[in-house]
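The sequence shown begins at -2 in this note's numbering and counts up one residue at a time. Note that beta-carbon positions come from the ideal geometry of N, C-alpha and C, so glycine has one too. Here the structure comes first, spelled out in structure tokens, and everything after it is commentary.
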Amino acid sequence: MDMILQFLPLILLVVLFYFLMIRPQQRRMKAHQQMVAELKRGDQVVLSSGMLGKVVRVEDKEVGLEIATGVTVKVVRTMIAEVRVRGEPAPANDSKS
């Protein structure tokens, strides 16, 4: 019985660590994977480096992004940090409006 009582605080710390650190990280990872899986042509995205672009081509592991008029780059899907809503207004200095 004494041995169980000695390990009880350690077990409680492991359980606390799981619920405060591991589980939320797994939720964020699943949400990110779902967001990347639902990418489609025309979506405005933000890369993990902060660069903005418009999806012009979607492949299995890579995405073609237009970062400026006539300039497209290939980006690994997992580097996309955020998908912006299509209905957002274009910036004032964008000539595409």
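By the 16-neighbour rule on beta-carbons within 10 angstroms, V11 is exposed. Cβ contact annotation for V33 (same chain, cutoff 7 Å, sequence separation greater than five): R74, T75, I77, in chain order. A straight line joining the alpha-carbon of F4 with that of I19 spans about 21 Å. The C-alpha of L36 is placed about 45 Å away from the C-alpha of P6. Under the three-state reduction of DSSP, R54 is assigned to strand.
For the pair V42 and V60, the CB atoms are nearer than the 9 Å cut-off. Cβ contact annotation for V70 (same chain, cutoff 8 Å, sequence separation greater than five): G50, G61, L62, I64, in chain order. Rounded to the nearest angstrom, the gap between the Cα atoms of R38 and M0 is 60 Å. According to DSSP, residue pairing for L10 in a beta bridge does not occur.
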